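S.K.: Residue numbers (our numbering), protein chains in the order written: chain A, 8 to 193; chain B, 326 to 863. Positions of the beta carbon are idealized from the N, C-alpha and C atoms, including for glycine. Note that the structure is a prediction, hence the values are computed from the model and not measured.
Have a look at this one:
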C-alpha cells in the first residue's frame, strides 16, 4: 500500500516505535519499566522483548501492506501476554487506539500542510479500530483458553480420584474449591 | 459529567503502583492469582494449628487473637535455631542482582516478585523487632510492624514463589531466597495460613504415603495398569514386586508418575529398563511417593514425610535406593535428608550398579541415586540396546527441572540419555542448566485456581521453548520432574500449542529394544510409530 502517510511513517519508524512502545509499557510499574525496556534480552526479558518485537512488526505492517494475517500474528503474542497480567482489556488494548494520537502529534505539520491527505489518515484510523476489535477477540480467546485449561485440570484430577475410588465420599461444599465468602454470597 | 479518558491514559490508570510506599500498600486478592486456603481436615490430620474454614479473599482470616505474638516468637525461635536465616536477614545489600531473575517478576512486572523485595517483606519485620536501628528509625531503615495487611502480603507473595532458587544463583552473597520463602511459609503455618494444594497432599502423604492419598491396593492397581500397557505395546510381561524383603534396590518414584499422564509413560520406560537389566528391585506401597510437600510447609513436616524413605528401606532390608524423575524430591534428598533423617540405616550400602559395577561415590552418604544417573551409566557402558528410530517424528528439547539442576547439579545425565534416544535441541543458554527457568507451578502452586499466575510465571520458560519450536520444529518438551509433567502441558497449550511434554525415560522406553519383544508398532502413548513407514518403503 503506497501512500504519503506510509512513507512518512516508514521514515520515522524508529521514533514512532520508541514512543509507541513507551505507551505500551507505561502499563507496568516503574520498577519493572527499567527492566522491560532492555528489549535486546530476548530470553531474560521475555515480556519487554516480545512486546517490542511484535510492535516493531506491527508498525512495519501499518506503514506497508497491512496484511491481515501478519497483523493478526503480531498482535497475538502481545494480547496473550497481557491476558495473564492482571490487565483489564481496556488497558491491555489501549496501545492500539493510542497510535492515532501518536500519528496526529508526530505528523502535525504534514497534516496541516496537506502533505498527508485526510483519506489516508482515515484509512489508518479505521484499520486501527479494526485491529482493536481483533485484539479484543484475541484477549478474550486467551482468557477462554485459561478457563478451559482450568477445567481440563479439574477433570483430570477428578478422573484420577475416580479411578482410585476416592470420590465415594460426598463432596463437602463448604470447603471444596472455596474462593471467598464474598463471591459465594453474591 | 466525567469525560472519557484518552486511550493512552488508559494504559496508566491504576497500573502505576499507588503513591504510597511499598511498605504501606495492601495486596488485593483477585481470583486467578492466589491459591485456595487449606482445609481444616488437612490441618487436623497432621496436628497443625488453627484448623478452620477460611479464604484469602475474605476480610476476616479467623486468626488466633495473639497471632502477632505467635509469629514473632516463631521468628525469634528460628533466628536462634538457623544461623543461615540470621545471615540472610542481615547480609543483603540490595544490590539488585536477583531483581530480574525471578520468573514471576519477569512475567508480571510486579516489583514485589523481585526476590530482594519478597525477602524484604520478612526483613522489614525482622528489623523492626530485632534491630536497634529498626526500633528507632523504622521508616528510614525499611522496618515495619507486623500488621494484618503485612501478614496478608506475606501470604500473597510467599505463595507466589516456587522456591526454584534461580535468584539464589545470581546472589553474590549466596542468599538462598527459597529458604526465606520456606521460613515465611513456616511462620504462616503457625497461625493456620496455608494453601489447600500444599496441605491436602501433605496430610494425604502423611497418612497414606502419597500426595493423592491413594491406598496400597490402589497403588498396585496403577502399577498393574502400567504393566498391562507395556505388555500390549511390547508383548513383554513385567513381573513387579511390592514390599519384597531382601530385594537389592528400593525404587521410589514420584506418585505423579504412577497416577497421571504423561508421567505414567516415563514410569513405564523406567520399569521396562529395570526389567531388561534384570534388576533385583522392589516397589513399596507404603512409601509410594518420593515427592515431599513438607518442603513447602516447614522443616519439621519435611522431615516427618521424608522419614518413610529410610524407614521402608530398613524394613525391606535393601542395599540402596533409586529415586525416580522427580523435582523437589531431589532437593530434599540431596540437600537435607542426610542430616535431617540420616544417618542412613545400617543395611544400606554405597550404591553399586549390578550391571556395570559402577560405584556411585556421590551417594556415599545418602545411599540413594537418581534414576538418570543409573541409566546414563548403563548407556555409557553400552548395556542398553536402543532403536532411536522409534522416536522418529519427535523433535525434543530439554527443560532442566529446577531442583535436580540447581539443588543437585544433575545437568548432563538426562542430556546423555536424550543423545542416545531422540533428535533434540537445546534452548538458549540463559534459560538452561543452572540458569533454567521454572515451570511457574512448583512449591504447591500448580493448582487450577492459580492458572493465570502460573501462565505468567511460566512465560520465560515457554518463551525459550517457542524459540526452539520456531527454529527446529520442536514438538516435545522433555523434563525430569513430575510437577513439570503436570504443569508444563497447560503452559504449552497456552503459549506453544503443539508442543507436548514427556519424561526422559519415556523416550528411552520408546527406543528400548527388549528381549522377546514383539514387533513394536506403537510408542508408549499407543500412538503409531512413524519409523514403520520407512521400513515399509525399504
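(1) What's the C-alpha gap between residue 347 (chain B) and residue 779 (chain B)?
(2) From B:609, B:706, B:632, pick the residue whose C-alpha is nearest to that of residue 543 (chain B); which is it?
(3) Excluding sequence positions up to five away, which residues of its chain have a Cβ less than 6 Å from the Cβ of residue 382 (chain B)?
(4) Put residue 677 (chain B) into one of helix, strand or coil per three-state DSSP.
(5) State the DSSP-derived secondary structure class of residue 727 (chain B), mapped to helix, strand or coil.
(6) Span of the beta strand (DSSP E) holding residue 559 (chain B)?
(7) In the structure shown, what three-state DSSP assignment does residue 805 (chain B) receive?
(8) Between the Cα of residue 716 (chain B) and those of B:522, B:563, B:846, spot the shortest distance and give me the residue it belongs to.
(9) If you measure from the CB of residue 142 (chain A), is any heavy atom of the ligand SAM nearer than 6 Å?
(10) Between B:432, B:581, B:546, which has its C-alpha nearest residue 567 (chain B)'s C-alpha?
(11) Among B:787, B:426, B:622, B:721, whose alpha-carbon lies nearest the alpha-carbon of residue 439 (chain B)?
(12) Below 7 Å on C-beta distance, what does residue 780 (chain B) contact in chain A?
(13) Can you list the residues of chain A that residue 425 (chain B) reaches, using a CB-CB cut of under 8 Å?
(14) For the beta strand (DSSP E) holding residue 827 (chain B), just list the boundary residues, first then last.
(15) What whole-angstrom Cβ distance do residue 432 (chain B) and residue 785 (chain B) have, given they're in contact under 8 Å?
(16) In this structure, does DSSP put residue 340 (chain B) in helix, strand or coil?
(17) Which chain A residues are close to residue 773 (chain B), counting only those with a beta carbon under 7 Å from its beta carbon?
(18) I'd like to know whether the C-beta atoms of residue 637 (chain B) and residue 697 (chain B) end up nearer to each other than 7 Å.
(19) So, does the CB of residue 193 (chain A) fall closer than 7 Å to a CB anywhere in chain B?
(20) In whole angstroms, what is the alpha-carbon distance linking residue 774 (chain B) and residue 92 (chain A)?
(21) Counting only Cβ-Cβ distances shorter than 8 Å, please list the residues of the stretch 57-78 of chain A near chain B, keeping chain order.
(22) To be precise: take each residue of the stretch 430-443 of chain B, compare its Cβ to all Cβ atoms of chain A, and keep it if any distance is under 8 Å. Which residues remain?
(23) Mark residue 133 (chain A) as exposed unless 16 or more other C-beta atoms lie within 10 angstroms of its C-beta, in which case mark it buried.
(24) Scan the stretch 770-823 of chain B and note each continuous beta strand (DSSP E) run of 3 residues or more that stays entirely inside, going in chain order.
(25) Along the stretch 97-112 of chain A, what residues have a CB closer than 7 Å to any CB found in chain B?
(26) Suppose contacts are defined by Cβ-Cβ distances below 7 Å. Is residue 615 (chain B) in contact with residue 654 (chain B) by that definition?
(27) Can you name the residues that DSSP bridges to residue 576 (chain B)?
(28) Within its chain, find whatever has a CB closer than 6 Å to the CB of residue 525 (chain B); leave out the 5 residues flanking it on each side and keep chain order.
(29) For residue 420 (chain B), count neighbouring Cβ atoms within 10 angstroms of its own Cβ and tell me buried if that reaches 16, exposed if not.
(30) Can you give me the C-alpha to C-alpha distance between residue 154 (chain A) and residue 816 (chain B), rounded to a whole angstrom?
(31) From which residue to which residue does the alpha helix (DSSP H) around residue 64 (chain A) run?
(32) Does the beta carbon of residue 148 (chain A) come closer than 7 Å to any beta carbon on chain B?
(33) Is the stretch 750-765 of chain B touching the stretch 719-727 of chain B, taking contact as three or more C-beta pairs under 8 Å?
(34) Give me the Cβ distance between residue 10 (chain A) and residue 127 (chain A), rounded to the nearest whole Å; I'm assuming they're in contact under 8 Å.
(35) Helix, strand or coil: which one does DSSP assign to residue 374 (chain B)?
(36) Mind checking residue 333 (chain B): buried by the 16 CB within 10 Å criterion, or exposed?
M.R.: The relevant details are as follows:
(1) 24 Å
(2) B:609
(3) 354
(4) strand
(5) helix
(6) It is not in any beta strand (DSSP E) - residue 559 (chain B) instead sits in the alpha helix (DSSP H) that spans 541-559.
(7) coil
(8) B:846
(9) This structure does not include the ligand SAM; it has no bound ligands of any sort.
(10) B:546
(11) B:426
(12) 91, 153
(13) 42, 51, 52
(14) 825-828
(15) 6 Å
(16) Caution is warranted here: a pLDDT of 44 is assigned to residue 340 (chain B), below 50, making its placement in the model unreliable, and no coordinate value can be reported.
(17) 157, 160, 161
(18) no
(19) Only weak support exists for where residue 193 (chain A) lies, its pLDDT of 44 falling under 50; the coordinates are left without a value.
(20) 15 Å
(21) 57
(22) 430, 431, 432, 433, 434, 435, 436, 439
(23) exposed
(24) 801-804
(25) 97, 98, 101, 102, 104, 105, 108
(26) yes
(27) B:608, B:647
(28) 367
(29) exposed
(30) 13 Å
(31) 53-69
(32) no
(33) yes
(34) 5 Å
(35) coil
(36) buried
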